[in-house]
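Student:
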Amino acid sequence: MIKIRNSRIDTKDIINQYPPNSIERKILEILSSSEIVHVYSSVDQLKFELDMRQKIINASRKLNDSRFSFRTFRHSICNPKYWTRTSEGGFLIKDNVKPSDGIKDIFTNSQKYGTECATAIVILYYGALVNIYPEKLFNELFAGIHLMNWHYLDRDLDIGYYDGEIDFLPGDCRYFKNPDVDPLTPQWQGENVIDLGNGTYYGHGIGINTAHGIIEALNDNRKKGSSESAYLMDSATRPNFKYLANKYIDFTSANEDENYRLAINYYRKYPLLTTDLI
Numbered sequence: 040m041i042k043i044r045n046s047r048i049d050t051k052d053i054i055n056q057y058p059p060n061s062i063e064r065k066i067l068e069i070l071s072s073s074e075i076v077h078v079y080s081s082v083d084q085l086k087f088e089l090d091m092r093q094k095i096i097n098a099s100r101k102l103n104d105s106r107f108s109f110r111t112f113r114h115s116i117c118n119p120k121y122w123t124r125t126s127e128g129g130f131l132i133k134d135n136v137k138p139s140d141g142i143k144d145i146f147t148n149s150q151k152y153g154t155e156c157a158t159a160i161v162i163l164y165y166g167a168l169v170n171i172y173p174e175k176l177f178n179e180l181f182a183g184i185h186l187m188n189w190h191y192l193d194r195d196l197d198i199g200y201y202d203g204e205i206d207f208l209p210g211d212c213r214y215f216k217n218p219d220v221d222p223l224t225p226q227w228q229g230e231n232v233i234d235l236g237n238g239t240y241y242g243h244g245i246g247i248n249t250a251h252g253i254i255e256a257l258n259d260n261r262k263k264g265s266s267e268s269a270y271l272m273d274s275a276t277r278p279n280f281k282y283l284a285n286k287y288i289d290f291t292s293a294n295e296d297e298n299y300r301l302a303i304n305y306y307r308k309y310p311l312l313t314t315d316l317i
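Take 40 as the starting number for the sequence shown in my numbering and just add one per residue.
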């Protein structure tokens with residue numbers, strides 16, 4: 040069920056704004072048919088989440104098709120033009136670089152980057168937002184980006200872990216756990232993936248595959264004699280879509296108000312131009 044503030048809404052009008060078989064439609068159908076109440080402060084806030092989830096999936100496919108390599112932190116690499124590689128193997132945006140340019144470069148010059156799967160998920164979140172937010176807002180909100188798995192997360196992403204009674208949605212980060220991983224290959228202890236909304240998942244280093252395919256790959260890297268299979272956990276990791284939506288809505292509204300004020304002042308200064316435009 041979807042509620043805007045405290046009122047349940049009919050989602051037909053919103054659903055019809057999106058193409059058949061689109062990710063946005065699928066998400067709306069899951070939310071509206073759920074017994075769980077999903078509350079948004081506005082339709083714009085809901086639409087922002089739909090857009091960001093779709094762009095997370097787009098970014099996942101783009102990264103999968105790139106030359107972005109899987110590497111452990113000990114052997115991670117990044118483009119030194121935009122990032123400083125830390126002693127831990129993370130990537131820290133340089134002081135003289137716009138964060139938006141640094142994120143875009145990962146997708147443009149992917150062959151210059153390599154890290155593990157959790158860091159790739161955070162990169163996907165930034166990759167989605169850099170295609171939604173105006174450059175000014177992105178760079179103000181995410182100054183000083185530090186990429187390293189789930190450490191050093193920007194508080195404005197407000198990434199949270201959810202389990203129990205939840206609806207799993209396209210664009211969610213899910214986790215396949217491999218409890219009997221071979222101790223000689225600890226990088227196979229699990230796989231952070233993005234739900235692509237069509238029965239497949241993207242995981243950095245493992246590519247796009249079904250749940251069965253990912254479990255098989257993890258099972259191939261269990262310790263000798265193990266009989267416990269890898270499995271998909273009943274949990275999801277998500278950025279705070281509503282918070283990020285509010286930042287976007289507030290920024291764009293303020294800019295619209297400022298542009299309107301500037302236009303009024305301009306036409307007051309040059310009244311003849313106002314007459315000519317009528």
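All C-beta atoms, glycine included, are put in the ideal place defined by N, C-alpha and C.
Residues in the same chain with beta-carbon distance under 6 Å from LYS120, minus the five sequence neighbours each way, listed in chain order, please.
Tutor: No residues qualify anywhere along the chain.
Student: Based on DSSP bridge pairs, tell me the residues matched to ASP234.
Tutor: DSSP lists TYR240 as partners of ASP234.
Student: According to DSSP, simplified to helix, strand and coil, what is ILE184?
Tutor: Here ILE184 sits in coil by DSSP.
Student: Helix, strand or coil: which one does DSSP assign to ALA275?
Tutor: Looking at ALA275 - three-state DSSP - the assignment turns out to be strand.
Student: Under the rule that 16 or more other beta-carbon atoms within 10 Å means buried, what is LEU89, buried or exposed?
Tutor: The residue is buried, with at least 16 neighbouring Cβ atoms inside 10 Å.
Student: How many whole angstroms separate the CB atoms of ASN258 and THR224, which I take to be in contact at a CB cut-off of 8 Å?
Tutor: Wrong, their Cβ atoms sit about 12 Å apart, outside the cutoff.
Student: Just the C-alpha distance for MET40 and LYS281, rounded to the nearest angstrom, thanks.
Tutor: Approximately 17 Å between the Cα atoms of the pair.
Student: If you reduce the DSSP assignment to three classes, tell me which class HIS114 lands in.
Tutor: DSSP places HIS114 in helix when its eight states are reduced to three.
Student: Give me the Cα-Cα distance between GLU63 and ASP193, rounded to the nearest whole angstrom.
Tutor: Answer to the nearest angstrom: the Cα atoms are 26 Å apart.
Student: Beta-carbon separation of CYS117 and GLY244 under 8 Å?
Tutor: No, the pair does not count as a contact, with Cβ atoms beyond the cut-off.
Student: Under the rule that 16 or more other beta-carbon atoms within 10 Å means buried, what is ILE317, buried or exposed?
Tutor: Unreliable positioning characterises ILE317 in this predicted model, as indicated by a pLDDT of 41, which lies under 50. A coordinate reading is not provided.
Student: Let me know if SER72 comes out buried or exposed under the rule of 16 or more other beta-carbons within 10 Å of its beta-carbon.
Tutor: By the neighbour-count rule (16 or more Cβ atoms within 10 Å), SER72 is not buried but exposed.
Student: Can the beta-carbon of TYR201 be found closer than 8 Å to that of ARG277?
Tutor: For TYR201 and ARG277, yes; Cβs fall inside 8 Å.
Student: For HIS77, which residues of its own chain have a beta-carbon under 8 Å away from its beta-carbon, when the five flanking residues on both sides are left out?
Tutor: So the qualifying residues of the chain are MET40, ILE41, LYS42, LEU70 and ASP206.
Student: Just to confirm, is the Cβ distance from GLY229 to ASN248 under 8 Å?
Tutor: No, the pair does not count as a contact, with Cβ atoms beyond the cut-off.
Student: In three-state DSSP terms, what is TYR201?
Tutor: Correct three-state label for TYR201: strand.
Student: Could you tell me the distance, in whole angstroms, from the CA atom of ASP273 to the CA atom of VAL161?
Tutor: If I take the Cα positions, the gap works out to 20 Å.
Student: Sorted by chain position, which residues of the same chain lie with C-beta nearer than 6 Å to ASP219's C-beta, five sequence neighbours on each side aside?
Tutor: The answer, listed in chain order, is ARG261, LYS262, SER265 and GLU267.
Student: Please go through the same chain and pick out, in chain order, the residues whose beta-carbon is closer than 7 Å to the beta-carbon of LYS94, but skip the five residues on each side of it.
Tutor: Within the same chain, LYS94 has close Cβ partners ALA167, ASN170 and ILE171.
Student: Is there a C-beta anywhere in chain D that falls below 8 Å from the one on TYR164?
Tutor: The question asks about chain D, but that chain is absent: this structure has only one protein chain.
Student: With TYR270 and ILE254 assumed to form a contact (beta carbons below 8 Å), what rounded beta-carbon distance in angstroms separates them?
Tutor: Confirmed, Cβ separation roughly 7 Å.
Student: May I ask which residues mark the beginning and end of the alpha helix (DSSP H) holding LYS168?
Tutor: The displayed chain sequence assigns Leu, not Lys, to residue 168. Unbroken alpha helix (DSSP H) run through LEU168: 156–168.
Student: Mind checking who TRP189 pairs with in its DSSP beta bridge?
Tutor: TRP189 pairs with MET187.
Student: According to DSSP, is GLY21 part of a helix, a strand, or is it coil?
Tutor: There is no way to answer for residue 21, as the model of the chain reaches only from 40 to 317.
Student: Looking only at its own chain, which residues have a Cβ that is under 6 Å from the Cβ of ASN178, when we skip the five neighbours before and after it?
Tutor: The answer, listed in chain order, is LYS137, PRO138 and SER139.
Student: Check whether the Cβ atoms of SER149 and GLY128 lie closer than 8 Å to each other.
Tutor: Cβ distance not < 8 Å, so SER149 and GLY128 don't count as in contact.
Student: Rounded to the nearest angstrom, how far is the Cβ of TYR241 from that of ASN103, given a contact under 8 Å?
Tutor: Correct: roughly 5 Å between the Cβ atoms.
Student: Specify, as a first and last residue, the run of the alpha helix (DSSP H) that PHE107 falls within.
Tutor: Taken as a continuous stretch (DSSP letters only), PHE107 belongs to no alpha helix (DSSP H), as it is neither H nor E.
Student: Do ASN294 and GLN84 count as a contact pair if the criterion is CB distance below 8 Å?
Tutor: The answer is no: Cβ separation not under 8 Å.
Student: How is THR123 classed by DSSP in three states: helix, strand or coil?
Tutor: Reduced to three states, the DSSP call for THR123 is strand.
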